[in-house]
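J.: Here it is: the structure, laid out below.
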Amino acid sequence: MADITVCRHLHGFLPSVLCFCILWPAMVNILRKNFKLETLNCNSVFCNYHYLCLLFKIIKITMQLSSILQRFNEPETLKMAKLGRELRAKGIDVIDLSLGEPDFDTPQHIKDAAIKAINDNWSHYTPVAGFADLKEAICTKFKRDNNLDYKPENIVASTGAKQSLANAILALADDGDEVIIPTPYWVTYSELVKIARAKVVEIHTTPEAGFKITPAQLEAAITGNTKVFLFSSPCNPSGAVYNKAELEGLAEVFRKHPGITILSDEIYEYINFIGSHESIAQFADLKDRVVIINGLSKGFAMTGWRLGYIAAHPDIAKACEKLQGQFTSGTCSIAQKAGVVALTTDLRPSMEMVEEFTRRRARVMELIKEIPGIKCFEPEGAFYIFPDISYYFGKTDGETTIENSADFSMYLLNNAHVSSVMGDAFGEPKCVRFSFANSLPNIERAWARIKEALAKLK
Ligand code: PLP
532 MADITVCRHL HGFLPSVLCF CILWPAMVNI LRKNFKLETL NCNSVFCNYH
582 YLCLLFKIIK ITMQLSSILQ RFNEPETLKM AKLGRELRAK GIDVIDLSLG
632 EPDFDTPQHI KDAAIKAIND NWSHYTPVAG FADLKEAICT KFKRDNNLDY
682 KPENIVASTG AKQSLANAIL ALADDGDEVI IPTPYWVTYS ELVKIARAKV
732 VEIHTTPEAG FKITPAQLEA AITGNTKVFL FSSPCNPSGA VYNKAELEGL
782 AEVFRKHPGI TILSDEIYEY INFIGSHESI AQFADLKDRV VIINGLSKGF
832 AMTGWRLGYI AAHPDIAKAC EKLQGQFTSG TCSIAQKAGV VALTTDLRPS
882 MEMVEEFTRR RARVMELIKE IPGIKCFEPE GAFYIFPDIS YYFGKTDGET
932 TIENSADFSM YLLNNAHVSS VMGDAFGEPK CVRFSFANSL PNIERAWARI
982 KEALAKLK
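Under this note's numbering, the residues of the sequence shown are numbered 532 to 989, in order.
Spelled out as structure tokens, the structure:
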């Protein structure tokens with residue numbers, strides 16, 4: 532009897548051991564890639580022991596933490612910046628073209644307002660949706676810049692536009708709902724949708740189409756489960772900017788589908804190289820179905836201040852306020868007081884920043900033309916170029932072979948010491964994002980290095 536039990540156990544155990552041994556090399560490869568352990572010699576006993584420990588650690592952590600963490604990824608933009616910082620800490624001169632923030636200081640009059648707010652003791656908790664004067668200032672801005680009439684009940688201020696987006700997506704999208712997002716899109720969109728347990732439906736755009744969707748593409752993507760349409764204009768990463776006629780074309784489709792809410796991320800509103808900014812909320816019959824996402828990070832060089840906001844139908848605004856009330860409460864009192872001044876006074880410093888971005892865009896477009904094989908759409912807004920680099924797929928410098936945009940970005944980081952962000956992170960695997968929110972001399976140096984490194988790929 533005992534012999535039979537032992538045999539039965541061995542019967543299940545031996546194939547498992549065999550399976551494990553066969554799969555182990557593949558497992559080691561995954562661990563090496565994901566945990567940046569390429570330097571370890573994978574054949575040594577020590578190394579196999581090390582990987583085994585790592586595997587057990589991962590299994591243990593995965594068992595301890597909640598399932599929500601397995602639904603979404605860390606932002607690639609931040610990962611690349613972190614890798615760049617690590618190289619810099621080793622004394623390597625890395626030029627950062629990965630991060631999405633203006634390289635300018637916050638204008639002085641905004642800083643003065645913050646200092647005054649500190650001295651005036653604006654140091655207590657704030658109302659969840661924002662101070663009354665901030666909400667009024669946001670309404671004033673909408674009237675001045677967009678000719679849109681909003682009241683304070685439409686406004687919720689948050690800890691950055693990222694939180695505004697998270698609030699809006701969690702307030703609107705449920706398990707099983709579909710959220711349509713044109714590619715390429717900002718890294719966080721798809722991850723927030725996954726956190727909400729909704730489904731991302733991508734509409735693919737091309738550089739030839741100016742990275743914009745057509746009404747026919749939108750119509751074809753809509754199903755009975757479509758709940759939200761989410762896009763940015765100006766777009767991060769492509770730089771595409773929808774004009775009024777293009778928005779009108781999309782509006783025609785939305786009129787036929789009254790159940791869809793439109794999230795319009797307009798955070799790059801001021802950084803526009805083709806003229807006026809157009810919001811889809813301008814169509815009066817759609818306005819109640821549009822949630823405008825905006826913030827002070829990009830237009831006022833205030834990324835670290837963490838101030839974003841939405842304008843939405845009061846029911847949606849209340850839902851966002853309810854969510855925020857449990858997550859973070861009202862955003863920073865000092866940032867809010869400074870925000871009032873930023874939004875209601877002199878826009879000249881912001882416009883000067885845009886003039887500088889315009890000069891850099893022109894120079895980057897010249898520099899990129901000198902590099903063989905790269906196809907680049909000229910951005911109409913924001914401060915990125917998003918070229919198609921697929922010409923380099925399959926090429927090698929003898930050591931590294933470029934298989935995808937992640938390899939391309941890593942190759943540039945290791946060989947040109949320039950950081951960028953792989954297109955996969957934005958839903959467009961053939962492209963890579965390079966920021967031009969860096970000084971002209973750094974941009975010149977970075978592109979000279981990129982040119983030299985890419986010339987080695989055959
Ligand atoms: N929306 C887009 C398209 C962005 O690129 C970013 C930041 O990079 C945000 C929203 C978030 O901005 P904030 O700094 O206000 O959270």
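C-beta: ideal position from N, C-alpha, C; glycine also.
All values reported here derive from a predicted model rather than from experimental measurement.
Among 623, 910, 979 and 604, which one has its Cα closest to the Cα of residue 803?
T.: Comparing Cα-Cα distances from residue 803 to each of 623, 910, 979 and 604, the minimum goes to 910.
J.: DSSP state of residue 757, grouped into three classes?
T.: Reduced to three states, the DSSP call for residue 757 is strand.
J.: Would residue 837 be called buried (16 or more neighbouring beta carbons within 10 Å of its own) or exposed?
T.: So residue 837 ends up on the buried side.
J.: Residues in the same chain with beta-carbon distance under 6 angstroms from residue 788, minus the five sequence neighbours each way, listed in chain order, please.
T.: Result list for residue 788: 753, in chain order.
J.: Between which two residues does the alpha helix (DSSP H) harbouring residue 969 extend?
T.: That residue, residue 969, is in no alpha helix (DSSP H); it is neither H nor E in DSSP.
J.: Please tell me whether residue 760 and residue 726 are closer than 8 angstroms, where the distance is taken between their beta carbons.
T.: No, these two residues do not count as a Cβ contact at 8 angstroms.
J.: Compute the Euclidean distance between the alpha carbons of residue 641 and residue 691, then round it to the nearest angstrom.
T.: Approximately 17 angstroms, taken between the alpha carbons.
J.: May I ask you to list the residues that DSSP assigns as paired with residue 734?
T.: In DSSP, residue 734 forms a bridge with 713.
J.: In the DSSP assignment, find the beta strand (DSSP E) that holds residue 864 and state where it starts and stops.
T.: It is not in any beta strand (DSSP E) - residue 864 instead sits in the alpha helix (DSSP H) that spans 864-875.
J.: With H, G and I counted as helix, E and B as strand and the rest as coil, what does DSSP make of residue 625?
T.: Residue state, collapsed to three classes: coil.
J.: What separation, rounded to the nearest whole angstrom, lies between the Cα atoms of residue 605 and residue 890?
T.: Rounded to the nearest angstrom, the two C-alpha atoms are 33 angstroms apart.
J.: Is it the case that the CB of residue 834 approaches a heavy atom of the ligand PLP more closely than 7 angstroms?
T.: Yes, the beta carbon of residue 834 sits closer than 7 angstroms to at least one heavy atom of the ligand PLP.
J.: Any chance the CB of residue 620 is under 7 angstroms from a heavy atom of the ligand PLP?
T.: No, the beta carbon of residue 620 sits no closer than 7 angstroms to any heavy atom of the ligand PLP.
J.: Taking Cβ positions, are residue 902 and residue 981 nearer each other than 8 angstroms?
T.: Taking 8 angstroms as the Cβ cut-off, residue 902 and residue 981 qualify as a contacting pair.
J.: Can you grab the Cα-Cα spacing for the pair residue 687 / residue 659, in whole Å?
T.: Cα-Cα distance, rounded: 8 angstroms.
J.: What separation, rounded to the nearest whole angstrom, lies between the Cα atoms of residue 629 and residue 978?
T.: Cα to Cα, the separation comes out at about 13 angstroms.
J.: When we look at the beta-carbon of residue 972 and count the other beta-carbons within 10 Å, is it buried (16 or more) or exposed?
T.: Classification of residue 972: exposed, given that the 10 Å Cβ count is below 16.
J.: Just checking my contact of residue 555 with residue 865 at CB under 8 angstroms: how many whole Å lie between their CB atoms?
T.: Not quite, the Cβ-Cβ distance comes to about 54 angstroms (not below 8 angstroms), so this is no contact.
J.: Can you tell me whether residue 1052 is buried or exposed? The criterion is at least 16 other CB atoms within 10 Å of its CB, across all chains shown.
T.: In the structure displayed, the chain extends from 532 to 989; residue 1052 sits before or after that span and is not available.
J.: Where DSSP assigns a beta bridge to residue 859, which residues make up the other side?
T.: DSSP, once it has assigned bridges, lists no residue as partnering residue 859.
J.: Quick test of your reading: residue 769 and residue 679, contact by CB under 8 angstroms. State the CB separation rounded to the nearest angstrom.
T.: Actually they are not in contact, since the Cβ atoms of residue 769 and residue 679 sit about 25 angstroms apart, beyond 8 angstroms.
J.: Assuming contact is defined by CB atoms lying nearer than 8 angstroms, are residue 870 and residue 703 in contact in what I supplied?
T.: Not in contact: residue 870 and residue 703 (Cβ atoms no closer than 8 angstroms).
J.: Are the beta-carbon atoms of residue 780 and residue 746 separated by less than 8 angstroms?
T.: Closer than 8 angstroms, so yes.
J.: For the stretch 820-839 against the stretch 870-881, do three or more pairs of beta-carbon atoms, one drawn from each stretch, fall closer than 8 angstroms, so that the two count as touching?
T.: These segments touch.
J.: Check this for me: beta carbons of residue 824 and residue 699, under 8 angstroms apart or not?
T.: Taking 8 angstroms as the Cβ cut-off, residue 824 and residue 699 qualify as a contacting pair.
J.: Would you call the CB atoms of residue 967 and residue 872 closer than 8 angstroms?
T.: No, Cβ-Cβ distance for residue 967 and residue 872 is not below 8 angstroms.
J.: If you measure from the CB of residue 693, is any heavy atom of the ligand PLP nearer than 7 angstroms?
T.: Yes, the beta carbon of residue 693 sits closer than 7 angstroms to at least one heavy atom of the ligand PLP.
J.: By the DSSP assignment, the beta strand (DSSP E) with residue 794 in it spans what residues?
T.: Residues 792-796.
J.: Would you mind listing the beta strand (DSSP E) stretches within the stretch 882-970 that are 3+ residues and don't spill past its ends, in chain order?
T.: DSSP runs (the beta strand (DSSP E)) wholly in the stretch 882-970: 963-966.
J.: Report yes if the C-beta of residue 723 is less than 7 angstroms from at least one heavy atom of the ligand SAM; otherwise report no.
T.: With respect to the ligand SAM, the structure shown offers nothing to examine, as its ligands consist of the ligand PLP.
J.: Just grab the DSSP bridge partners of residue 826 for me.
T.: BP columns for residue 826 point to 839.
J.: To test your reading of the DSSP string, which unbroken alpha helix (DSSP H) runs of 4 or more residues are found completely within the stretch 646-705?
T.: Counting whole runs of 4 or more residues, the stretch 646-705 contains the alpha helix (DSSP H) stretches 663-677 and 692-703.
J.: So residue 615 is in the alpha helix (DSSP H); what residue range does that whole segment cover?
T.: Looking at the DSSP string, the run of the alpha helix (DSSP H) that includes residue 615 is 607-620.
J.: From this set, 887, 940 and 929, which residue's C-alpha is nearest residue 970's C-alpha?
T.: Minimum Cα distance to residue 970 is reached at 887.
J.: The alpha helix (DSSP H) spanning residue 780 covers which residue range?
T.: Start and end: 775-787.
J.: From residue 946 to residue 984, what distance separates their C-alpha atoms?
T.: Approximately 6 angstroms between the Cα atoms of the pair.
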